[in-house]
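Next comes the structure, spelled out in structure tokens:
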């Protein structure tokens, strides 16, 4: 089954409310802090982008639905910090008590990972370096542009029950056409769970809107998804 | 294991989100795991240095220089890297061109993937449930909510960023912009036009 984050095509969300183009980058000061703390903790090297996406999307549906964007980030970060044993549950509970009475935590010992903490002088280089996902792969591309392909059914992570995947439910079982080959990329279904990068060919696949939706808005419309080879089968 | 929790760690933190951030920041700082000066640097970068002006410069140059545009559409990464527009959430860029026949629009239905080096941090609406759920199913109704109506003969191609590819829409150059400098052209390029939810207009 899908998780609550997999919402492409869902009904009932109401209108989109555009903001002015010049609205502040961060609507609240704490949004900026939440983003910065998350990026800085990522630099500790205890997880990858797929792990962190999965940490957000496997929040309880009730939490995922009620949390704003950066609250999801914070909740995912708290999960990762505890699961990767960077912090303990007691640490978090203690921090909450300290923040509540304004005293700050007392007598905290330096952390074994402290040497890895991102320094201000290294921020620009770290952000500029990014985290490219392309890798050499022994897996030969099975498809070429123009080939008809179908997204595997059932969808979902084939390695880990309930695990991370980047095949949206709305495309499961749908037939499309290879638009382009992006080379080989890290497979999130594996990398999110510490099972290795398992790179494989990645394609842009174009789907006619009426292959995805019972009531397509317009006959000529299309949706393009980036899909890994193991998500696809030949038609 | 997917680690489904009923007693998630975040529930140990204060209920108020601003206080939750403060509690985490204080704890992580005291343990030496984060440096508040580094946080300030990250925030300054995305608040003041990296934003849609980068993307607008790329679009204006593509409108002005056919060779640049051809190179950008063929393989954006080296072209953008040369301009310094590379980095986190922009490691693999693809630029897609709007034409009278086809309008492009970008979404990430699974989270909110977005080309940070060219457009900065995504706006709230891009991250909203409404945009994520509806952009793929009814792009034209969504466009109407942005005040955009496409001609009958224009098809819509929605790019759902399901991998580490990030998409930038190259809008059509507006009429009556002959002779404008790249800077003047860049001023016509809105953030939303590079996501595909706006159409640039010529000078008034």
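Chains as they are written, first to last, in our numbering: chain A, 20 to 254; chain B, 1385 to 1588. All C-beta atoms in this analysis are idealised placements derived from N, C-alpha and C, irrespective of residue type, glycine included.
- A straight line joining the alpha-carbon of residue 78 of chain A with that of residue 239 of chain A spans about 37 Å.
- Inclusion of residue 96 of chain A and residue 60 of chain A in the CB contact set at 8 Å is warranted, their separation being smaller than that value.
- Around the beta carbon of residue 81 of chain A, fewer than 16 other beta carbons sit within 10 angstroms, so the residue counts as exposed.
- Boundaries of the alpha helix (DSSP H) harbouring residue 1447 of chain B: 1436-1448, taken from the DSSP string.
- Using a Cβ-Cβ cut-off of 8 Å, residue 168 of chain A is close to nothing in chain B; its nearest Cβ partner there is about 14 Å away.
- Shown here for residue 1438 of chain B: same chain residues with a beta carbon closer than 7 Å to its own, the five before and five after excluded, namely 1469, 1501 and 1502 in chain order.
- Under the three-state reduction of DSSP output, residue 1418 of chain B falls in the coil class, being neither helix nor strand.
- Among the residues of chain B, none has a CB under 7 Å from the CB of residue 66 of chain A; the nearest is roughly 12 Å distant.
- In terms of beta-carbon proximity, residue 1515 of chain B lines the interface with chain A, with at least one pair separated by less than 8 Å.
- In the assembly as shown, residue 180 of chain A is an exposed residue. Its beta-carbon has fewer than 16 other beta-carbons within 10 Å.
- At a cut-off of 8 Å between beta carbons, residue 1586 of chain B makes no contact with chain A.
- Bridge partners of residue 194 of chain A according to DSSP: A:169.
- Legend: CB atoms of the region 1391-1408 of chain B lying less than 8 Å from CB atoms of chain A belong to residues 1392, 1393, 1394, 1396, 1397, 1398, 1401, 1402, 1403, 1404, 1405, 1406, 1407 and 1408.
- For residue 90 of chain A, there is no enclosing beta strand (DSSP E); the residue is found in the alpha helix (DSSP H) stretching over 88-102.
- Our two residues, residue 1395 of chain B and residue 23 of chain A, have alpha carbons roughly 19 Å apart in a direct line.
- In terms of CA proximity to residue 1581 of chain B, A:40 leads the group A:26, A:27, A:40 and A:28.
- When C-beta atoms of the region 1547-1563 of chain B are compared with those of the region 1504-1515 of chain B, fewer than three pairs fall below 8 Å, so the two segments do not count as touching.
- Look at residue 1426 of chain B: its C-beta is under 8 Å from a C-beta on chain A.
- A straight line joining the alpha-carbon of residue 137 of chain A with that of residue 1434 of chain B spans about 20 Å.
- In summary, residue 1554 of chain B is buried, with 16 or more beta-carbon neighbours lying within 10 Å of its beta-carbon over all protein chains present.
- Comparing C-alpha distances from residue 88 of chain A to each of A:225, A:192, A:58 and A:50 shows the shortest one belongs to A:50.
- Residue pairing from DSSP places residue 242 of chain A in a beta bridge opposite A:226 and B:1542.
- Note on residue 1413 of chain B: 16 or more other CB atoms within 10 angstroms of its CB, so buried under the neighbour-count rule.
- In the DSSP assignment, residue 1578 of chain B falls within the unbroken alpha helix (DSSP H) covering 1575-1579.
- In the same chain as residue 1584 of chain B, and ignoring 5 residues on each side of it, the C-beta atoms closer than 6 Å to its own belong to 1555, 1558, 1572, 1573 and 1577, in chain order.
- The beta carbon of residue 176 of chain A sits closer than 7 Å to the beta carbons of 182, 183, 184 and 208 from its chain, once the five residues preceding and following it are set aside; these are given in chain order.
- C-alpha of residue 43 of chain A to C-alpha of residue 161 of chain A: approximately 46 Å in a straight line.
- Distance from the CA atom of residue 1529 of chain B to the CA atom of residue 1513 of chain B, rounded to whole angstroms, is 15 Å.
- Residue 174 of chain A and residue 186 of chain A do touch by the CB rule: their CB atoms are close to 5 Å apart, below 8 Å.
- Between the region 212-219 of chain A and the region 149-157 of chain A, the count of Cβ pairs shorter than 8 Å is three or higher; the stretches touch.
- Nearest to residue 172 of chain A by C-alpha distance, out of A:192, A:158 and A:163, is A:192.
- Counting only residues of its own chain and dropping the five nearest sequence neighbours on each side, residue 99 of chain A has a CB closer than 6 Å to the CB of 66 and 74.
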